[in-house]
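So in our numbering, spot 205 of the sequence shown is number 622, and the numbers just go up one at a time.
Glycine is no exception: its CB is placed at the ideal position from the N, C-alpha and C atoms.
Okay, structure first, notes after.
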Amino acid sequence: MNAAFQALCARLSAAGVPGARFDAAELYRFVTRRDPRLDDGLTEAEAARLAALADRRAAREPLQYILGEWDFMDFSLKVGPGVLCPRADSEVVCETAIELLQGVPSPRVYDLCAGTGCLGLGIARHVPGADVTCVEKSPDAWPYLTANTADSGVRTMQADVFTYYKLLSEEYADLIISNPPYLTGPEMGALMPETAHEPAMALDGGADGLDFYRLLTTRYKAALRPGGWLVMEIGYAQAADVLALGETHGWANGSCRKDYGGNDRVVLLQKN
Ligand code: GLN
418 MNAAFQALCA
428 RLSAAGVPGA
438 RFDAAELYRF
448 VTRRDPRLDD
458 GLTEAEAARL
468 AALADRRAAR
478 EPLQYILGEW
488 DFMDFSLKVG
498 PGVLCPRADS
508 EVVCETAIEL
518 LQGVPSPRVY
528 DLCAGTGCLG
538 LGIARHVPGA
548 DVTCVEKSPD
558 AWPYLTANTA
568 DSGVRTMQAD
578 VFTYYKLLSE
588 EYADLIISNP
598 PYLTGPEMGA
608 LMPETAHEPA
618 MALDGGADGL
628 DFYRLLTTRY
638 KAALRPGGWL
648 VMEIGYAQAA
658 DVLALGETHG
668 WANGSCRKDY
678 GGNDRVVLLQ
688 KN
């Protein structure tokens, strides 16, 4: 163990960084390409670079933004200010879609509010022959989406999902997946410092957090073929409300699945 690493851990702990030791090790490795447990110190240049990154993390900028890259499922994505960080919670959303697409030849898939493209890319990587389109409105998220999807065969569209449905052919899609903004007004007012660095556009689901579920369950049904699926990430307390929207708007076979942290995280609805 070296003094520089210990000082870094102490610095991040004092700033209230959750999992300070893990983040310190990540930053140390990022700058030095060496393991802090086996290393015995920093060059002057490394120390200066690490101090600058530690300042950013101590100001509670997400670790993902500082590293510029983050793993999701079995691949890695470019991330940074302006785009929502891919989260482990979302992996079960993607896995659910992959499961529903087994046996569907060349499925057509839309990932709405795609952000980094993590969900659409996960499907494209695991469902051979899938034709995936990622739709994202934010000009700040757009460069990450295009970089992440380059050479993947995944299409990208810069569009607002509140109007995009008008461009879709009826009964064309096999599956629509979305991790829409879903935080409520009160949740938006009490964000963790890290989440407050992420784009509000990717988080704010309106006063009750359900604006995008109302949109998806009404305007995006026509685009799905009969038997097609709508797969949505939800907030941990939203399963009942989103399933009720599904019932109200005539969807079948509604169900909810939990993420690996044990929270309700995915609602799936089938078109009759
Ligand atoms: N999971 C995010 C959070 O807890 C919210 C993401 C979203 O609104 N889609 O901050």
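A Cβ-Cβ separation of about 5 Å places ILE593 in contact with TYR527 under the 8 Å criterion. The alpha-carbon of LEU470 is positioned some 11 Å away from that of ASP440. DSSP lists LEU685 as the bridge partner or partners of SER672. LEU455 is not bridged by DSSP to any residue.
In the three-state reduction of the DSSP assignment, CYS530 falls in the coil class. Contact between ALA576 and PRO616 does not hold, since their C-beta atoms are separated by about 17 Å, which reaches or exceeds 8 Å. In this structure, the C-beta of THR612 approaches the ligand GLN to less than 7 Å from one of its heavy atoms.
With fewer than 16 neighbouring CB atoms inside 10 Å of its own CB, GLN423 falls in the exposed class.
The beta carbon of GLN481 sits closer than 6 Å to those of TRP487, VAL496 and CYS502, all from its chain and outside the five residues before and after it, given in chain order.
Here GLY485 has LYS495, VAL496 and GLY497 as same chain residues with Cβ atoms under 8 Å from its own Cβ, once five neighbours each way along the sequence are excluded. As the crow flies, the alpha-carbon of ALA514 is around 7 Å from that of ILE540. Short of 7 Å from the beta carbon of ALA421, and not among the five residues preceding or following it, lie these beta carbons of its own chain, in chain order: GLY458, LEU459 and ALA464. Separation of VAL434 and SER507 (C-alpha to C-alpha, rounded to the nearest whole angstrom) is 22 Å.
When DSSP assignments are scanned along the stretch 617-682, the uninterrupted stretches of alpha helix (DSSP H) that are 4 or more residues long and fall wholly within it turn out to be 628-636 and 656-665.
Judged by DSSP secondary structure, CYS426 falls within the alpha helix (DSSP H) whose first and last residues are 420-431. DSSP, reduced to helix, strand and coil, places ALA590 within a strand of the structure shown. Bounds of the alpha helix (DSSP H) holding VAL578 are 578-581.
Fully contained in the stretch 459-538 are the following alpha helix (DSSP H) runs of length 4 or more, in chain order: 461-475, 480-484 and 508-517. Relative to ILE483, the option among LEU444, ARG642 and LEU536 whose CA is nearest is LEU444. In the displayed model, MET609 falls within coil according to three-state DSSP, outside both helix and strand.
Per DSSP, the continuous alpha helix (DSSP H) segment holding ASP440 begins and ends at 437-449. Taking LYS638 as the centre and dropping the five residues before and after it, the same chain places the C-beta of LEU647, HIS666, GLY667, TRP668 and LYS688 closer than 8 Å to its C-beta, in chain order. Here ASN596 is not near LEU518, since their CB atoms are 8 Å or more apart. Here GLU604 carries a helix assignment [DSSP, helix/strand/coil].
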